[in-house]
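The sequence shown runs contiguously to residue 67 in UniProt numbering.
Quick reminder that beta carbons are idealized off the backbone N, C-alpha and C, glycines included.
Notes follow once the structure below has been shown.
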Amino acid sequence: MSSLTLREVASMIGAHFTSVGKMEQDRKKIELVEFVKYCQAMNADPHEGLEIIIQSIAEQKKISKNN
1 MSSLTLREVA SMIGAHFTSV GKMEQDRKKI ELVEFVKYCQ AMNADPHEGL EIIIQSIAEQ
61 KKISKNN
């Protein structure tokens with residue numbers, strides 16, 4: 001995990017620090033470009049992040065079908 005502050009991350013991705021905080025708390029939808037920039041700021045691979053999201057959505061669909 002990165003030791004960057006919200007303000008540092010915000011500066012790196014071109015967003016206000018309150019927006020970054022809301023994204024991290026799942027209180028703001030994140031656009032794809034923001035997601036990629038955020039991943040880069042965190043030294044994370046955006047491809048891996050998208051794969052996790054895709055798997056999560058697929059799992060949620062399976063659960064919904066079974067209910």
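Where the alpha helix (DSSP H) through residue i begins and ends
{"i": "A58", "result": "P46 to N66"}
Assigned exposure category for residue i - 16 Cβ within 10 Å defines buried
{"i": "residue 68", "result": "Coverage of the chain is limited to positions 1 through 67, which leaves residue 68 absent and any answer about it impossible."}
Closest by C-alpha distance to residue i, when choosing among the options
{"i": "L6", "options": "E51, Q40 and G21", "result": "G21"}
beta-carbon residue i near the ligand HEM non-hydrogen atom, thresh 8 Å
{"i": "Q60", "result": "In terms of ligand content, the structure shown is empty, and the ligand HEM therefore cannot be addressed."}
Query raised in the report: Could you give the uninterrupted runs of the alpha helix (DSSP H) lying entirely in the segment 5-33, keeping only those of 4 residues or more?
Result: 6-13 and 17-24
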